[in-house]
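Chemist: Take any residue in the sequence shown, count from 1 to its spot, add 305: that is its number in my numbering.
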Amino acid sequence: MEIYSSDNSDSDDHLTNSKNSLNFSFTSLDSDLLKEQLDLVSCNEVREKTAMLLHYNNLTHIPENLSKFMNLKKLDISNNRIHQLPDAITRLPLRTLIAKNNILDEDFLSVKTLEVLTNTLENLNLSGNNLSFIPEQILQFTRLKYLYLGENRLQEIPQNINRLNRLEILNVGGNQLTSVPSTVGQLGELRALILSNNQLDSLPASVANLKRLTILQLHKNKLRTLPTEIIALKNLSELKPAVPFDGGQLGEACALILSNNSAGQPSGVCGQSIKRLSQSPVAQKKLLNVPDRKVIDSSKPLRELMVEHVKFVDFCGKYRLPLMQYLCSSKCRDDPSRRKAHFQQNDDMLRKVLLSNFNN
């Protein structure tokens, strides 16, 4: 199974230390036993606790007495059998709600008025549930920075997704999407957009408006081309499209990936890397090994390729070439201090999107 996201949040670490958190994870609790345990928590502890960890249990619902924890900032109820969240949860000042891998559907919140939660929630993870569309309540969380909806049954992204104009990560990978609304291009703070493993056959040109975007995952779709406007994305540190561009030059990607899309060949790979490609599926394609060129292309050289912003290239999810920009960019190769600063800048975002983290 592909890893679409981690649930790690830069601001959550202090919430989950042993003093501030109640940790009932991996204890085989059912909902009735949890209610009893919460009743035993002293008044002082109720005031002190800012995080509650309930993942990997046998919960089918969350007891109402959870609402007495009025200072709760983080709640992890992932990997249970929960089908609906209690009304009481909307009155808590949660910043992070992790509810992945349950059986939540689009009616997971019965209330229409979300009270306190709309003013506090920044990190929402509903990956691995049964959502067939994005409920209207989610669009009320206008303070959201991180929204994980991967591996559901979503068939569309609503046009008014632009209401979530503070989003930095949007993960809708592993769904049944056939299109992306142009309003996604209005999410000006977006730094990571995960659209992989869907049924997309096109991408709106408005994606080029996402000037802060550093990660764009599009593999395992039905894409044949990408809009030429995408070369305007100067901050990309990972581009995983697996399709040729619609024209023009490849602005920021060091290589394109051949990976379960409809394209017949990769547009190009970095020079001096042919030996390292010998074990990858790309090696089965006709690649011209011309040592004095910066780019090896199966059709024609991309003479003006600029790749200094690319952190790594992923070939089919099996073979990753790190630091390849230094084979292609003399500017980065000649200035080690510039390289180091560039890597440090995007490390947190790459960790947040790509790494698995089970220590919530």
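No residue lacks a Cβ here, since even glycine has one placed at the ideal position from N, Cα and C. The model shown is predicted, which means the values in this text are computed figures rather than measured ones.
Residues in the same chain with beta-carbon distance under 7 Å from Asn384, minus the five sequence neighbours each way, listed in chain order, please.
Modeler: Here residue 384 corresponds to residue number 79 of the sequence shown, with the count starting at 1. Contacts found: His360, Tyr361 and Asn406.
Chemist: Take the Cβ of Leu357 as the centre, count every other Cβ of all protein chains shown within 10 Å, and call the residue buried at 16 or more, exposed below.
Modeler: Walking along the sequence shown from the start, residue 357 turns up at place 52. A small correction: the amino acid at residue 357 is Met; Leu does not occupy that position in the sequence shown. Met357 comes out buried.
Chemist: Give the secondary structure of Ser415 by DSSP, where H, G and I count as helix, E and B as strand, and everything else as coil.
Modeler: Position 110 of the sequence shown, counted from the first residue, corresponds to residue 415. Under the three-state reduction of DSSP, Ser415 is assigned to coil, being neither helix nor strand.
Chemist: Exposed or buried, what is Thr447 when buried is set at 16 or more other beta-carbons lying within 10 Å of its beta-carbon?
Modeler: Taking the first residue of the sequence shown as 1, we reach residue 447 at position 142. Here Thr447 is exposed, its C-beta having fewer than 16 other C-beta atoms within 10 Å.
Chemist: Rounded to whole angstroms, how far is the Cβ of Glu411 from the Cβ of Phe438, which I believe are closer than 8 Å?
Modeler: Residue numbering aside, residue 411 sits at position 106 when the sequence shown is read from its first letter. Residue numbering aside, residue 438 sits at position 133 when the sequence shown is read from its first letter. With a Cβ gap of about 6 Å, Glu411 and Phe438 count as contacting.
Chemist: Please report the straight-line C-alpha distance between Lys527 and Leu515, rounded to a whole angstrom.
Modeler: Locating residue 527 in the sequence shown gives position 222, counting from the first residue. Locating residue 515 in the sequence shown gives position 210, counting from the first residue. Looking at the two C-alpha atoms, the distance is approximately 22 Å.
Chemist: Run through the DSSP bridge pairs and tell me what Leu492 is partnered with.
Modeler: Your numbering for residue 492 matches position 187 in the sequence shown. Looking at the DSSP assignment, Leu492 forms no beta bridge with any residue, so it has no partner.
Chemist: Once you ignore the five residues that flank Tyr451 on each side, which residues in its own chain have a CB closer than 6 Å to its CB?
Modeler: Along the sequence shown, read from residue 1 onward, the residue named residue 451 stands at position 146. Excluding positions up to five away in sequence, the list reads Asn428 and Ile474.
Chemist: Spatial neighbours of Asn325 within its chain, please: CB distance less than 8 Å, with the 5 preceding and 5 following residues excluded, ordered by chain position.
Modeler: Within the sequence shown, numbered from 1, the residue matching residue 325 stands at position 20. Taking C-beta separations shorter than 8 Å and ignoring five residues to either side along the sequence, the partners of Asn325 in its chain run His319, Glu353, Lys354, Thr355 and Ala356, following chain order.
Chemist: So if DSSP puts Met357 in a beta bridge, which residue, or which two residues, is it bridged to?
Modeler: Your numbering for residue 357 matches position 52 in the sequence shown. Bridge partners of Met357: Leu327 and Leu380.
Chemist: Can you grab the Cα-Cα spacing for the pair Ser432 / Ala497, in whole Å?
Modeler: As a first step, residue 432 is located in the sequence shown; it is residue number 127 there, counting from the start. As a first step, residue 497 is located in the sequence shown; it is residue number 192 there, counting from the start. So the alpha carbons of these two residues sit roughly 16 Å apart.
Chemist: Report the three-state DSSP secondary structure of Asn430 (helix, strand or coil).
Modeler: Here residue 430 is taken as the residue at index 125 of the sequence shown, counted from 1. Three-state DSSP puts Asn430 in a strand.
Chemist: Hey, would you say Asp392 sits closer than 7 Å to Asn363, going by beta carbons?
Modeler: Here the question's residue 392 lines up with position 87 in the sequence shown. Here the question's residue 363 lines up with position 58 in the sequence shown. It is not a contact, given that the beta carbons lie outside the stated cut-off.
Chemist: With 16 other CB atoms within 10 Å as the buried threshold, where does Glu456 fall?
Modeler: Stepping through the sequence shown from its first residue, residue 456 is reached at position 151. A buried status is given to Glu456, since no fewer than 16 other beta-carbon atoms sit within 10 Å of its beta-carbon.
Chemist: So for Gln464, helix, strand or coil by DSSP?
Modeler: Your numbering for residue 464 matches position 159 in the sequence shown. Three-state result, Gln464: helix.
Chemist: Which residues mark the beginning and the end of the beta strand (DSSP E) in which Thr423 is found?
Modeler: Looking up residue 423 in the sequence shown gives position 118. Not the beta strand (DSSP E): Thr423 falls in the alpha helix (DSSP H), residues Leu422 to Thr425.
Chemist: What residues are listed by DSSP as bridge partners for Leu521?
Modeler: The count along the sequence shown starts at 1 and reaches residue 521 at position 216. Leu521 pairs with Leu498 and Leu544.
Chemist: With DSSP run on the structure shown, which of helix, strand or coil describes Leu475?
Modeler: By 1-based counting over the sequence shown, the position of residue 475 is 170. DSSP places Leu475 within a strand segment (E or B) once states are collapsed to three.
Chemist: Can you give me the start and stop residues for the beta strand (DSSP E) that Leu402 sits inside?
Modeler: Position 97 of the sequence shown, counted from the first residue, corresponds to residue 402. Segment Thr401 to Ile403, the beta strand (DSSP E) holding Leu402.
Chemist: According to DSSP, simplified to helix, strand and coil, what is Ala444?
Modeler: Against the sequence shown, residue 444 aligns to sequence position 139. The sequence shown places Leu at residue 444, rather than the Ala named in the question. Leu444: helix per DSSP, three-state reduction.
Chemist: Any heavy atom of the ligand MG closer than 6 Å to the Cβ of Gly493?
Modeler: Among the components of this structure there are no ligands whatsoever, and the ligand MG is therefore not found.
Chemist: Suppose the cutoff is 6 Å on Cβ atoms and the five residues either side in sequence are ignored; what does the same chain contact list for Asn434 look like?
Modeler: Start at 1 with the first residue of the sequence shown, and residue 434 comes out as number 129. Contacts found: Asn407, Leu409 and Asn457.
Chemist: When the Cα atoms are used, what is the spatial distance from Gln522 to Gln342?
Modeler: Within the sequence shown, numbered from 1, the residue matching residue 522 stands at position 217. Within the sequence shown, numbered from 1, the residue matching residue 342 stands at position 37. Those two C-alpha atoms are separated by around 42 Å.
Chemist: Need the endpoints of the beta strand (DSSP E) that Leu452 sits in, please.
Modeler: Here the question's residue 452 lines up with position 147 in the sequence shown. Tyr451 to Tyr453 is the extent of the beta strand (DSSP E) around Leu452.
Chemist: Quick check on Lys539: buried or exposed, where buried means 16 or more other Cβ atoms within 10 Å of its Cβ?
Modeler: Looking up residue 539 in the sequence shown gives position 234. With fewer than 16 other Cβ atoms within 10 Å, it is exposed.
Chemist: Go through its chain and collect everything with a Cβ distance to Ile367's Cβ below 6 Å, but skip five positions before and after it.
Modeler: To locate residue 367, count along the sequence shown from 1; it is residue 62. Cβ within range, chain order: Pro391.
Chemist: Kindly indicate which three-state DSSP category Leu338 falls into: helix, strand or coil?
Modeler: Working through the sequence shown from its first residue, we reach residue 338 at position 33. Leu338: helix per DSSP, three-state reduction.
Chemist: Leu390 bridges to which residues according to DSSP?
Modeler: Position 85 of the sequence shown, counted from the start, is the residue given in the question as residue 390. Beta-bridge partners assigned by DSSP to Leu390: Leu414.
Chemist: When the distance is taken between beta carbons, is Leu454 closer than 7 Å to Val489?
Modeler: Counted from its first residue, the sequence shown places residue 489 at position 184. Counted from its first residue, the sequence shown places residue 454 at position 149. No, these two residues do not count as a Cβ contact at 7 Å.
Chemist: In this structure, how does DSSP classify Leu343 when only helix, strand and coil are distinguished?
Modeler: Sequence index remark: in the sequence shown, residue 343 carries index 38 (1-based). Here Leu343 sits in helix by DSSP.
Chemist: Of all the options Ala537, Ile536, Pro532 and Ile520, which has the alpha carbon lying nearest to the alpha carbon of Lys545?
Modeler: By one-based count along the sequence shown, residue 545 stands at place 240. Measuring from the Cα of Lys545, the nearest candidate turns out to be Ile520.
Chemist: Comparing C-alpha positions only, which one of Pro509, Ser501 and Asn502 sits nearest to Gln491?
Modeler: Position 186 of the sequence shown, counted from the start, is the residue given in the question as residue 491. Considering only alpha carbons, the answer is Pro509.
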